[in-house]
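Protein sequence lines correspond, in order, to chains A and B. Counting from 6, one number per residue, gives the positions in the first sequence under this note's numbering. Counting from 33, one number per residue, gives the positions in the second sequence under this note's numbering. Glycine included, C-beta positions come from ideal geometry on N, C-alpha and C. Here is the structure we will look at, set down as structure tokens.
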Amino acid sequence: MFRFNSKIPVLLLLVPVALLPQQPRYGFGQPATAEQIRSADITVQPDGRGLPPGRGTAVAGEVVFRSRCVVCHNERGAGRPGEYPALVGGIGTLATSKPKKTVGSYWPYATTVWDHINRAMPFNTPHILPPNDVYAVTAYILFLNGIVQQNQELNEKTLPAIVMPNRNGFVMDSRPDIKAKR
Amino acid sequence: MKKTGSSRRRFLAAGAGAAALTSCGKTATSPSTGAAGAANMRPYGERSAFEKPVRALRELSASPGTGSSRTPLQDLFPGMITPSSLHFERHHAGVPTIDPAAHSLLVHGLVERPVVFSLEDIRRFPAVSRICFLECGGNNIGDQRGESTPNAQQSHGLVSGSEWTGVPMSVLLNEVGVRPEAKWMIAEGADNCRLARSIPIEKVMQDALLVYGQNGEALRPEQGYPLRLILPGFEGNMNVKWLHRLNFLDQPAMSSKETAYYTELRKDGKAEMFSFVMEARSVITRPSGGHKLPPGGGFHEITGLAWSGRGRIRQVEVSVDGGAHWQNATLQEPVLSQALTAFRLPWRWGGEEAIIQSRCTDETGYLQPTREELVAVRGLNSGYHYNAIKPWKVQANGEVVSVPIQL
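In structure tokens form, the structure reads like this:
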């Protein structure tokens, strides 16, 4: 899915990493334990790998949103122009002269919404929401965008199955795309 | 601090951008008779109290600590190194305070040997240094939006250059035994937003650096102290600061910073993603917006910077007549790959209004486009990666101003 544009030695592309000659190791560092990895690894992948068990609905999410998110993102995720991004709306505007990029109109994966809330929100006190709250707030934002039903449960299985409106809205880097004339 | 309209965006310390060629005010006209007195020595140096250039701070949201600061390019002598104190910044969740003794790097995922490295461990590996530029993917986004940025700091100040010191990532990959099915490395910072980006394994193997040094000393906190990633030529956001975790996967994570942000909307409503390389661009930094030349004409050296994420700058051309004619500028040697390259051209200004601009060509033959050429292909909503030619107008009264952009 990724075409590399930069100049890489051609050899490097043709030789699988595992076939490169093994250099001696230095042996620095400590082996990471399974528990260390489990507690540190918050990466959520677009196919759902990395999502912890949990569940939530838009109904529960609205309660969390009102206490944790509304101060910045405003009622029903309307945002505050110039300060905090809108989370809702803009579907169908991307090819116009005034595109409105929101979770609903632009973000290609629902897993990204979960991952972003989990790693970065609420902005001033991140990492305080338990997984159920993250599922619930994700459900509420998707509900506001008309993507899920109000009582639809999101969990580690159903969240990655959601097809976002702009799922097919991205293409790979096409540069160099401009042939300037001298 | 001033308010702009109803927004609470703050533009701090932007006054430095107005520093002019003749701004020193007093100009010596008689021979020096020597100085009186002597100051004490200082354990950690500072510049002369007479020198005033500063970064321009801009808060991008009402949340403290996020935002950017821009390098005062028009006040500096162009070269491949930016003073660490004036290096541009872009933070997404503030600058964390990290005790290096408590910091570690976890490397895991598709590797034979998951490892936790202390800073001490990392500094024991054989090191290399690399001089290269670092540039925000959104540099010059103001002109992209048609704002006609008033000076080089506001237009191009989200680029800086440093000598970075650290461990080649290829050494680390060998150490942990990365598996053949690992195609992407997810780099994560320890800042409040745990900023994460997916990096193709080819780039990691090729020239990625695990960096702890900047211009001969430890990284500045704003540059990721005590550990960051440097990916020469790739957009700044991917050069993850305050690095604390590397996770090897068979696919990209599709984090918010590589989908919702740092993607470029095209005319057809599709968006380009994984647009990593910073393409070639250049800008005249002297004379440039905010400078004032003595009216009536005279000799001036035109100077500026050029750089390309694809390799070396091969050529910089300068026009002093609105693009009708172009002359080759002299490049400052040595010209390094993916590094800021200073250029100079002697100019005898006739005292009349003049449009001056530069364009560069890199070693792949890529020529920096005009705004018209860029917009014709990408439209007006692309945002990031705007690398068009930037003209300045030298007015007959000597004032240098931005050229209004026609939308």
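For V426 of chain B, no CB of chain A lies under 8 Å from its own CB, so it is not counted at the interface with that chain. Interface residue (Cβ-Cβ distance to chain B less than 8 Å): N150 of chain A is not classified as such.
Counting of Cβ neighbours within 10 angstroms places T117 of chain A among the buried residues, the total reaching 16 or more.
Listed along chain A are I183 and A185, each with a C-beta nearer than 8 Å to that of P401 of chain B. At least 8 Å separates the CB of P326 of chain B from every CB of chain A. As a beta-bridge residue in DSSP terms, M305 of chain B pairs with A:M177. Secondary structure note for S44 of chain A: its alpha helix (DSSP H) is the uninterrupted segment A39 to A45. Residues of the same chain with a CB within less than 8 Å of the CB of P135 of chain A, apart from the 5 flanking positions on each side, are G59 in chain order.
When secondary structure is reduced to three states using DSSP, T117 of chain A falls in the helix class.
Pairing H417 of chain B with R180 of chain A, the inter-Cα distance amounts to about 10 Å. Residues of chain B with a Cβ closer than 8 Å to the Cβ of F175 of chain A are, in chain order, T291, T295, K302, A303, E304 and M305. Relative to L377 of chain B, the option among B:L412, B:S351 and B:K235 whose CA is nearest is B:S351. In the three-state scheme derived from DSSP, where H, G and I count as helix and E and B as strand, M217 of chain B is classed as strand.
Interface annotation for the stretch 131–148 of chain B against chain A: L138, H140, R145, P146, V147 and V148, criterion Cβ-Cβ distance under 7 Å. Counting only runs that start and end inside the stretch 137–203 of chain B, the beta strand (DSSP E) elements of at least 3 residues fall at 147–150, 160–167 and 191–200. With its beta carbon less than 8 Å from one in chain A, L406 of chain B belongs to the interface.
Per DSSP, N129 of chain A has no beta-bridge partner at all. Secondary structure in the stretch 373–401 of chain B: the beta strand (DSSP E) runs of 3 residues or longer, each lying completely within the stretch, are 373–381 and 386–394 in chain order. With respect to G322 of chain B, N429 of chain B sits apart: the two C-beta atoms are not nearer than 8 Å. If you draw a 10 Å sphere on the C-beta of D300 of chain B, you find fewer than 16 other C-beta atoms in it, and that means exposed.
CA-to-CA, the gap between G198 of chain B and S102 of chain A works out to about 45 Å. Taking 8 Å as the threshold, the shortest C-beta distance from N129 of chain A to chain B falls below it.
Excluding residues up to 5 positions away in sequence, S100, R102, F120, R122, E167, C168, G170 and N171 lie with their Cβ nearer than 7 Å to the Cβ of L190 of chain B in the same chain. Relative to R43 of chain A, the option among B:P212, B:P146 and B:G268 whose CA is nearest is B:P146.
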